[in-house]
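Quick mapping for you: the protein sequence lines, in order, are chains G and B. In the working numbering, each number is its position in the first sequence, counted from 1, plus 373. In the working numbering, each number is its position in the second sequence, counted from 1, plus 373. Read the structure below first, then the notes.
Number of protein chains: 2
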Amino acid sequence: MTGSHTLGETEARVANRLSHMTLDFEAMAVMSNLFRAASAVRNHFERNVLAESGLSWTAFVVLWVTWIWEPAETRDIAAEAGISKATLTGVLSTLEKLELVRRERSANDGRLVLVKLTTQGKALMETLFPAFNRQEIEVVSPVADEKRGELADMLRAITANIEG
Amino acid sequence: MTGSHTLGETEARVANRLSHMTLDFEAMAVMSNLFRAASAVRNHFERNVLAESGLSWTAFVVLWVTWIWEPAETRDIAAEAGISKATLTGVLSTLEKLELVRRERSANDGRLVLVKLTTQGKALMETLFPAFNRQEIEVVSPVADEKRGELADMLRAITANIEG
DNA sequence: GAAATATTGTTCGTATCCAAACAATCTCAA
DNA sequence: TTGAGATTGTTTGGATACGAACAATATTTC
Chain G
374 MTGSHTLGET EARVANRLSH MTLDFEAMAV MSNLFRAASA VRNHFERNVL
424 AESGLSWTAF VVLWVTWIWE PAETRDIAAE AGISKATLTG VLSTLEKLEL
474 VRRERSANDG RLVLVKLTTQ GKALMETLFP AFNRQEIEVV SPVADEKRGE
524 LADMLRAITA NIEG
Chain B
374 MTGSHTLGET EARVANRLSH MTLDFEAMAV MSNLFRAASA VRNHFERNVL
424 AESGLSWTAF VVLWVTWIWE PAETRDIAAE AGISKATLTG VLSTLEKLEL
474 VRRERSANDG RLVLVKLTTQ GKALMETLFP AFNRQEIEVV SPVADEKRGE
524 LADMLRAITA NIEG
């Protein structure tokens, strides 16, 4: 993930390249670190937790959302997972092929598709999710205990500001 | 991005579903908000800044890294952009088709490929990057001025902890 | 200097990922 | 009740995404 250049080097080089522009480097640093962190954490989880189950990151998120909300409507799953409904169609097909999930037409509304976990899907989540959480603890560990609430709040505020 | 359920609802439902497990909900909240924020910001940028240029998020990042470091070696671009070299090959082909970038064999080392921006590529970045930064300022605005450094530091620490 | 080893970018196969077009279904007004 | 409009999940087409295998080139080893 990290290149051969340090972040300081990059910022100095950027400053030089952009010396004729008026820029907010602090905002830039926040955004840059946000994406680096998200990408690094995601790759870390895919390799260390998800790989042995053969699940992609998105597949896991979809499985998780379904687990929490089942029977879940696909539009809600897509929104909650942060992916388009077109993407969800493909991911659900993958999860169905793995027999972790089952699609069902809604009786009340013929347009809707309800998604449920199979017995295997539930069993997988029962072991996978605690393993996932153990890694979450590991990943967050460099942030001081008393700062974590603040960190979550700031990230939440950024999201709310965009989507509001 | 946000579903019809609030984050509080989700957490309550998760707590109920997982009541028999020992979990760190604060670590979970930090990770959850990290991905929500990254995803929301990325989508926001793709739709509001990048769409008119016909660039994807990744294409922009690659273009940006190349702009800063040109002539840039592909292995460095991939590392700096946080994508695999296989992915970079495809993205560079896209950027070359758009005539924003040029590939060149290195004279010193026949294995290396050097990447440079075309005149059009430079012109695009001259207007696109300031527009990008203006949106960055907007996105970060809900975080108090004096907290932004801390936020960047915490995210940096998480990344370093994983990759170290 | 020749052979073994390492490194680099591309290709291949497969899985995401999205916007836009689409068919099926539902809602609601007239 | 019938027809216009809205909503939902899928399909389509094209770009991204990765690991693994690959050919080309450099480096190391003896």
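Glycine included, each C-beta is placed from N, C-alpha and C at the ideal position. This one's a predicted model, so the numbers in the text were calculated from it and none came from an experiment.
Three-state secondary structure assigned by DSSP to residue i
i, result
"Glu-446 (chain B)", "strand"
"Leu-343 (chain B)", "Residue numbering for chain B in the displayed model covers 374 to 537; residue 343 (chain B) lies beyond these limits and cannot be assessed."
"Thr-375 (chain B)", "Unreliable positioning characterises Thr-375 (chain B) in this predicted model, as indicated by a pLDDT of 39, which lies under 50. The coordinate reading is nonetheless provided below. In the structure shown, Thr-375 (chain B) sits in coil (DSSP, three-state: anything other than H, G, I, E or B)."
"Ser-457 (chain B)", "coil"
"Thr-532 (chain G)", "helix"
"Leu-391 (chain B)", "coil"
"Leu-428 (chain B)", "coil"
"Gly-537 (chain G)", "coil"
Per-residue burial, residue i [other beta carbons within 10 Å of its own, 16 or more giving buried]
i, result
"Arg-386 (chain B)", "exposed"
"His-393 (chain G)", "exposed"
"Asn-481 (chain G)", "exposed"
"Gly-483 (chain B)", "exposed"
"Leu-494 (chain G)", "First, the amino acid is wrong: residue 494 (chain G) is Gly here, not Leu. When all chains shown are included, Gly-494 (chain G) counts as buried."
"Glu-453 (chain G)", "buried"
"Thr-395 (chain B)", "exposed"
"Thr-532 (chain B)", "buried"
"Gly-376 (chain B)", "Unreliable positioning characterises Gly-376 (chain B) in this predicted model, as indicated by a pLDDT of 44, which lies under 50. The coordinate reading is nonetheless provided below. So Gly-376 (chain B) counts as buried."
"Ser-405 (chain G)", "buried"
"Ala-424 (chain B)", "exposed"
"Asn-389 (chain B)", "exposed"
"Ala-400 (chain B)", "buried"
"Gly-537 (chain G)", "exposed"
"Ala-410 (chain B)", "buried"
"Ile-535 (chain G)", "buried"
Alpha helix (DSSP H) segment containing residue i, residue limits
i, result
"Leu-407 (chain B)", "398-418"
Same chain, Cβ closer than 6 Å to residue i, five either side skipped, listed in chain order
i, result
"Lys-489 (chain G)", "Glu-443, Pro-444, Arg-475"
"Leu-471 (chain G)", "none"
"Ser-412 (chain G)", "none"
"Phe-505 (chain B)", "Val-422"
"Glu-384 (chain G)", "none"
"Met-374 (chain G)", "Residue confidence is low: Met-374 (chain G) scores 37 on pLDDT, short of 50, so the model does not pin down where it sits. Its coordinate-derived value is still stated next. Around Met-374 (chain G): Ala-413."
Cut-off 7 Å between Cβ atoms - residues of its own chain near residue i, not counting five sequence neighbours on either side
i, result
"Ser-426 (chain B)", "Leu-497, Leu-501"
"Lys-520 (chain B)", "none"
"Ala-432 (chain G)", "Val-464, Thr-467, Leu-468"
Own chain residues within Cβ distance below 8 Å of residue i, not counting five before or after
i, result
"Val-486 (chain G)", "Glu-446, Thr-447, Arg-476, Glu-477, Arg-478, Ser-479"
"Glu-419 (chain B)", "Ser-429, Trp-430"
"Gln-508 (chain B)", "His-417, Phe-418, Asn-421, Val-422"
"Leu-461 (chain B)", "Val-435, Thr-447, Ile-450, Ala-451, Ala-454"
"Thr-491 (chain G)", "Glu-472, Leu-473, Val-474, Arg-475"
The ligand SAM heavy atom lying under 7 Å from the CB of residue i
i, result
"Ala-445 (chain G)", "In the structure shown, the ligand SAM is absent, as is every other ligand, since no ligand is present at all."
Original post:
Which runs of the alpha helix (DSSP H) fall wholly inside the segment 464-525 of chain B and span at least 4 residues, in chain order?
Top reply: With a minimum length of 4 residues, the continuous alpha helix (DSSP H) runs that stay inside the segment 464-525 of chain B are 492-513.
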